[in-house]
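A short worksheet on the structure shown next.
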Amino acid sequence: MQIEPYDPYQLDAVIRLSLRAWSPVFDSIQNAMDADVYQEFYPDNWRASQQKAVEDVCAAEDTNVWVAIDAGSTVGFVAVKLDSESSMGEIYMVAVDPDFQGHGIGTTLMEFALAWMKDAGMSIAMVETGGDSGHAPARRTYEKVGFGLLPIARYFKKL
Numbered sequence: 200m201q202i203e204p205y206d207p208y209q210l211d212a213v214i215r216l217s218l219r220a221w222s223p224v225f226d227s228i229q230n231a232m233d234a235d236v237y238q239e240f241y242p243d244n245w246r247a248s249q250q251k252a253v254e255d256v257c258a259a260e261d262t263n264v265w266v267a268i269d270a271g272s273t274v275g276f277v278a279v280k281l282d283s284e285s286s287m288g289e290i291y292m293v294a295v296d297p298d299f300q301g302h303g304i305g306t307t308l309m310e311f312a313l314a315w316m317k318d319a320g321m322s323i324a325m326v327e328t329g330g331d332s333g334h335a336p337a338r339r340t341y342e343k344v345g346f347g348l349l350p351i352a353r354y355f356k357k358l
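Going by the working numbering, the sequence shown wraps up at 358, each residue one higher than the last.
Here is the structure:
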């Protein structure tokens, strides 16, 4: 497995693996969230909004994106944003194809991104994720590479 800079020709593969990877996450969110609030967040299905989010991140000038390649296939990606004013780098998006999960690819992508942030002069790294069961694998990976949790409560109500 190798990590290389994202190239636009990889967009379809990144979208496909992301939607597959995030399917159990969105099932978990739907089960954890009030149905009316969930419908407001994802009126056209979560896949449509997440596909657009991935497209936007991969095209954003303020975002650095890398892909994990294994046996010639794109099997994961990580997107990083830097805030030089606060010296903080953010792991903005990360996903590993479900067929390749559990082999250290997510950890390798995270470690790569953290080293890159440090080399770019950042002194703090941040990643955000959900507290629901669907995000448990992500939380394990973040903790494995040394992130500490800041508990935050976020409440939603349909108006």
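Don't be surprised by glycine CBs; every beta carbon is placed ideally from N, CA and C.
As the structure is a computational prediction, the values presented were derived from the model and not from experiment.
- Taking 8 angstroms as the cut-off, the beta carbon of residue 326 is found closer than this to the beta carbon of residue 290.
- Take the alpha-carbon of residue 278 and the one of residue 263: they are about 6 angstroms apart.
- Inter-segment contact for the region 238-247 and the region 269-284 is absent: fewer than three beta-carbon pairs are separated by less than 8 angstroms.
- In this structure, the beta-carbon distance from residue 220 to residue 295 falls below 8 angstroms.
- Excluding sequence positions up to five before and after residue 305, its CB lies within less than 6 angstroms of the CB of 295 and 340, all in the same chain and listed in chain order.
- Listed as beta-bridge partners of residue 204 by DSSP are 265.
- Shown here for residue 269: same chain residues with a beta carbon closer than 7 angstroms to its own, the five before and five after excluded, namely 200 and 299 in chain order.
- By the neighbour-count criterion, in which 16 or more other beta carbons inside 10 Å mark a residue as buried, residue 267 falls on the buried side.
- Using a 10 angstroms sphere on the CB of residue 301, the tally of other CB atoms stays under 16, which defines it as exposed.
- Where residue 311 is concerned, the enclosing alpha helix (DSSP H) starts and stops at 304-318.
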